[in-house]
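Read top to bottom, the protein sequences are chains A and B.
Using our numbering, read the first sequence as starting at 32 and increasing by one per residue.
Using our numbering, read the second sequence as starting at 32 and increasing by one per residue.
Working notes, beginning with the structure itself.
Protein chains: 2
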Amino acid sequence: MSLLGGLDRHITQSRPRFEEWLGRLVEVPTVSMDPARREDVRRGAGVAIGYLKELKADAVLVETGGHPMVVGGWVRNPAWPTVTVYNHLDVQPAMEPEWTREPFKFSVHGDHYYGRGTTDDKGPALTALLAAHYAVEQNLPLNIQFLWELEEEIGSPHFAKGLKGAAWLRSPDSVVVSDTIWLAGGRPAAPYGLRGNLAARLTLETATREAHSGLTGGVARNPLTELAAVVSACVNARSGRVTIPGFYRAVKPLGQADRAQFLKSGFQVAAFAAAHQLTKLRVRDRAAVMRRLWAEPTFEIHGFVGGYTGPGVKTSIPPRAEAKVSMRLVPDQEPAAVFSLFRKYVRKLNPDIRVEADGMLRPYAADLGGPYAEALRKALRFGFGKEPAFIREGGSIGAVVTMAERWKAPVMFLGLSLPEHGYHAPNERFDWGQASGGMKAFVKYFEEVSRIPVKRRVR
Amino acid sequence: MSLLGGLDRHITQSRPRFEEWLGRLVEVPTVSMDPARREDVRRGAGVAIGYLKELKADAVLVETGGHPMVVGGWVRNPAWPTVTVYNHLDVQPAMEPEWTREPFKFSVHGDHYYGRGTTDDKGPALTALLAAHYAVEQNLPLNIQFLWELEEEIGSPHFAKGLKGAAWLRSPDSVVVSDTIWLAGGRPAAPYGLRGNLAARLTLETATREAHSGLTGGVARNPLTELAAVVSACVNARSGRVTIPGFYRAVKPLGQADRAQFLKSGFQVAAFAAAHQLTKLRVRDRAAVMRRLWAEPTFEIHGFVGGYTGPGVKTSIPPRAEAKVSMRLVPDQEPAAVFSLFRKYVRKLNPDIRVEADGMLRPYAADLGGPYAEALRKALRFGFGKEPAFIREGGSIGAVVTMAERWKAPVMFLGLSLPEHGYHAPNERFDWGQASGGMKAFVKYFEEVSRIPVKRRVR
């Protein structure tokens with residue numbers, strides 16, 4: 032039987048294992064952002080190692096200095112090509128009031144799987160794992176390595192260090208990342224670029240305890256008011272245009288080929304707005320929306336800490352406050368350089384504010400075309416019966432730039448999530464349609480990649 | 032024995048009752064702002080009625096449509112002058128992390144009384160009550176009525192309606208309010224004016240669930256960013272100058288007599304900053320500080336709701352956000368007129384923002400001088416051995432303007448709190464020094480007031 036001949040039956044048989052394993056993994060709250068979840072994150076890594084071992088793969092826990100990472104897989108013949116499959120097993124916090132189920136309780140409703148991390152990124156990780164296991168069982172001449180990070184949601188602060196320490200990992204010929212999102216259900220996307228990100232916290236203290244705004248107001252400095260003024264000076268709230276001096280200096284203008292790919296992607300503004308439940312948009316022009324999402328930088332305010340948030344209005348002045356902000360960056364903006372511009376601007380506006388970076392991810396853009404892009408195209412067509420759109424993606428994956436630079440290998444994106452799955456959102460979900468099609472696509476991708484001639488390098 | 036002869040001994044003997052009653056009242060969390068405390072507020076009113084009855088005073092619970100109010104006292108002879116003593120028995124929330132004790136557990140440490148409401152305003156209320164009881168027992172020819180509000184901290188929304196329904200209350204010849212703060216320990220203040228207040232909530236919804244800032248950022252509208260921009264456009268965060276068009280139009284310039292009173296008040300900037308634990312001030316010039324606190328309006332941001340406030344930075348865009356703001360107002364700013372200016376300005380800046388008033392209090396300024404001011408001066412000198420400073424106060428007491436207008440009676444301020452007692456702040460306290468001196472001052476004030484000839488009015 033050929034590699035692909037018995038695949039459908041295999042996938043159907045895999046479903047109970049897929050659901051059981053996804054459920055077990057989702058119920059470990061691997062919230063990398065929350066210091067109180069440190070042990071849970073490590074426990075999640077342990078569960079993943081258990082899965083690899085159960086499939087007779089190698090599996091190694093790698094210490095990074097932060098949360099650990101997991102590497103493993105099947106490396107059977109040094110002469111074969113090697114692919115590294117990247118996913119992350121940490122998740123976002125799940126404190127949104129809109130959750131209608133326990134976020135860390137896995138539940139299956141028909142073909143849908145609910146719980147924090149189902150789509151971002153535990154479901155895609157297990158999809159790739161079960162596909163690889165099948166390919167290996169069918170004796171495909173390809174070494175398949177998994178690299179599962181547990182700090183993706185906090186900007187991969189120890190990823191480069193972890194990679195250096197991951198002695199088990201061979202330098203691969205290519206990398207495939209499964210952590211991106213389609214344009215819509217039935218509209219696969221193969222991104223060839225990601226935005227970067229720079230997160231920062233601004234803090235200001237003007238007193239050591241809360242003050243009465245009647246007794247002190249007019250003389251007491253209000254840290255919330257001052258922070259609001261400074262962050263408001265960084266962006267035009269309505270247009271989204273960033274007003275930090277020099278912010279756009281390094282932005283590379285979007286090329287004609289990119290524009291053409293975007294326009295033929297099939298992206299629809301109304302479907303985008305509906306998928307993300309956005310009731311109001313800054314712009315509705317299709318080309319402008321795609322350009323803004325995929326190729327322009329942003330400045331967002333994510334939260335203010337400090338002050339009164341209960342019912343009504345408590346007229347007191349908080350002693351200290353914090354503003355949480357981030358900027359999505361595009362080629363060729365360097366996060367460290369942008370942070371310098373930002374900090375310099377904030378200091379000029381208000382020298383008492385402390386500015387701390389809270390994660391930096393460089394933007395990434397690969398070349399369009401080439402044999403790996405062709406493999407991806409065939410894989411997605413085989414898995415889902417549809418041609419993928421080659422677009423960029425607005426999100427950021429910190430590990431991508433690090434892997435591309437370390438291994439000088441192409442990084443491809445075989446994502447399986449749908450916009451309505453709710454990346455980072457309440458009631459996150461994944462579904463069997465994407466998982467089963469994803470297994471087909473991954474097996475096909477592995478087959479294609481196993482045939483791409485590789486340059487032998489001294490390892 | 033004269034009225035004042037046995038007073039010191041009486042006060043010493045009253046201490047156990049004062050402490051027991053204050054403790055019992057403090058331990059009822061009468062947080063008027065919190066809908067969940069509705070029954071506690073009512074229970075607090077019941078405790079207060081019990082105290083009045085135990086002293087053989089009349090006591091009536093008055094329904095207002097909101098939290099009830101309590102009226103009662105001793106009206107023994109219609110020919111005598113009548114004074115109404117105003118206090119409030121509701122308190123601020125106590126959610127500040129700086130509390131080192133349970134806020135609603137009363138504790139006595141030497142001469143100090145700790146707990147939410149000890150100084151604002153339960154301690155002063157009971158001080159006035161026990162002083163009045165003594166004066167009545169000594170047969171002072173004065174009718175003394177208590178008016179205890181339970182909605183002061185939410186801007187007295189039902190006070191005017193409550194007054195209309197309080198049939199037991201006679202229209203008094205004068206009113207004394209005990210809810211203000213001295214310049215410092217040993218520096219009594221007799222304010223002759225209060226700032227008004229206008230609180231408002233701004234809300235904006237741009238989506239029905241949280242969005243991923245990578246997947247939607249640049250196109251999704253960010254309600255926190257938009258609210259921050261709008262409230263930042265209302266005030267210069269560093270100078271405090273309000274930038275709402277027309278905001279200062281009705282402000283009456285400060286007169287020469289006011290300036291002179293301020294300058295001779297003994298107010299000290301360093302002591303003020305220390306008492307409120309302010310480590311940074313907008314200005315330090317003494318005259319400028321007093322003018323800003325007592326005679327200039329403000330615009331404060333008290334809190335932003337919506338967005339992420341946990342550890343680190345979660346790079347999501349909230350679906351909705353709220354900004355809580357307030358403005359202190361000075362004569363002759365009308366809160367309703369200022370609210371119109373504010374709402375018009377916000378709508379111009381961002382028509383999608385909903386603006387709701389959350390309480391309006393008119394500013395108040397009495398004339399300097401006259402027999403009641405003289406009575407107050409004598410009372411504070413008798414109680415504490417110091418001349419009071421006649422100043423204004425930066426805080427607001429909603430009931431004051433309502434009482435002054437309804438009864439056409441002078442409203443005087445015999446406050447007993449010290450800046451370090453922590454109005455609205457964590458670790459609020461009161462002390463026996465202020466309570467015992469306050470009882471002396473109130474007895475003396477009642478004596479003085481009983482001698483002021485009153486115009487007989489048709490009641």
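All C-beta atoms in this analysis are idealised placements derived from N, C-alpha and C, irrespective of residue type, glycine included.
Rounded C-alpha distance that separates residue i from residue j
i: Ala397(A); j: Val106(A); result: 27 Å
i: Ala163(A); j: Lys84(A); result: 14 Å
i: Lys311(A); j: Asn253(B); result: 10 Å
i: Arg423(A); j: Gly469(A); result: 20 Å
i: Leu447(B); j: Lys355(A); result: 41 Å
i: Val93(A); j: Gly77(A); result: 11 Å
i: Arg69(B); j: Phe135(B); result: 16 Å
i: Tyr454(B); j: Gly464(B); result: 17 Å
i: Thr346(A); j: Gly249(A); result: 13 Å
i: Glu479(A); j: Ser202(A); result: 19 Å
i: Arg40(A); j: Pro47(A); result: 13 Å
i: Val344(A); j: Arg232(B); result: 7 Å
i: Glu241(A); j: Arg73(B); result: 28 Å
i: Thr237(B); j: Ala88(A); result: 47 Å
i: Ala430(B); j: Gly193(B); result: 11 Å
i: Tyr476(A); j: Pro457(A); result: 32 Å
i: Ala472(A); j: Asp151(A); result: 18 Å
i: Arg359(A); j: Ala318(A); result: 19 Å
Neighbour list for residue i in chain A, Cβ cutoff strictly below 7 Å
i: Gln169(B); result: What Gln169(B) touches in chain A: nothing, since even the nearest Cβ is about 35 Å away.
i: Lys355(B); result: Tyr339 and Val344
i: Ser347(B); result: His333 and His455
i: Gln465(B); result: In chain order: nothing, as chain A lies at least about 16 Å away.
Nearest-angstrom beta carbon gap, residue j and residue i [assumed within contact, 8 Å]
i: Pro419(B); j: Arg393(B); result: Pro419(B) to Arg393(B), Cβ: 24 Å. No contact.
i: Lys153(B); j: Leu53(B); result: 6 Å
i: Pro14(A); j: Pro66(B); result: Not covered by the structure: residue 14(A). The range shown for chain A is 32 to 490.
i: Ala215(A); j: Leu309(B); result: At roughly 54 Å, the Cβ-Cβ gap does not stay under 8 Å, so Ala215(A) and Leu309(B) are not in contact.
Closer than 7 Å at the beta carbon, the chain B residues around residue i
i: Phe177(A); result: None at all; the shortest Cβ gap to chain B is about 24 Å.
i: Lys379(A); result: Near Lys379(A) there are no residues of chain B at all, since even the closest Cβ is about 13 Å away, more than 7 Å.
i: Ala302(A); result: Neighbours of Ala302(A) on chain B: none; closest Cβ ~13 Å, over 7 Å.
i: Ile212(A); result: Leu246
Identified DSSP bridge partners for residue i
i: Asp121(A); result: BP columns for Asp121(A) are empty, so no partner.
i: Arg359(B); result: Asn228(B)
i: Gly338(A); result: Gly334(B)
i: Thr234(B); result: Glu353(B) and Arg385(B)
i: Arg460(A); result: Tyr145(A)
i: Tyr395(A); result: Leu225(A)
Three-state secondary structure assigned by DSSP to residue i
i: Ser244(A); result: helix
i: Trp213(B); result: coil
i: Phe190(B); result: helix
i: His140(A); result: strand
i: Asp152(B); result: helix
i: Trp111(B); result: coil
i: Val59(A); result: coil
i: Gln169(B); result: coil
i: Leu268(B); result: Residue 268(B) is actually Ala in this sequence, not Leu. Coil at Ala268(B), not helix or strand.
i: Tyr376(B); result: helix
i: Met470(A); result: helix
i: Ile348(B); result: strand
i: Val489(B); result: Confidence at Val489(B) is low in this model, with a pLDDT of 46, below 50, so its placement is unreliable and the value that follows should be read with caution. In the structure shown, Val489(B) sits in coil (DSSP, three-state: anything other than H, G, I, E or B).
i: Glu51(A); result: helix
i: Met321(A); result: helix
i: Val369(A); result: helix
i: Ile175(B); result: strand
Contacts that residue i makes with chain B (C-beta to C-beta distance below 8 Å)
i: Ala430(A); result: Per Cβ cutoff of 8 Å: no residues; Ala430(A) is ~15 Å from chain B at best.
i: Ile483(A); result: Going along chain B, no residue has its Cβ under 8 Å from Ile483(A), so there is no contact; the nearest lies around 30 Å.
Cross-chain neighbours of residue i in chain A, by beta carbon under 9 Å
i: His98(B); result: In chain order: nothing, as chain A lies at least about 13 Å away.
i: Gly390(B); result: Gly343, Val344 and Thr346
beta-carbon residue i near the ligand ADP non-hydrogen atom, thresh 7 Å
i: Gly75(B); result: Within the structure as shown, the ligand ADP is missing, as the structure has no ligands at all.
Amino acids of chain B, ordered along the chain, whose beta-carbon sits closer than 9 Å to that of residue i
i: Asn228(A); result: Ser244, Gly245 and Thr346
Minimum Cβ-Cβ distance from residue i to chain E less than 8 Å
i: Lys311(A); result: In the structure shown, chain E does not exist; the protein chains are A and B.
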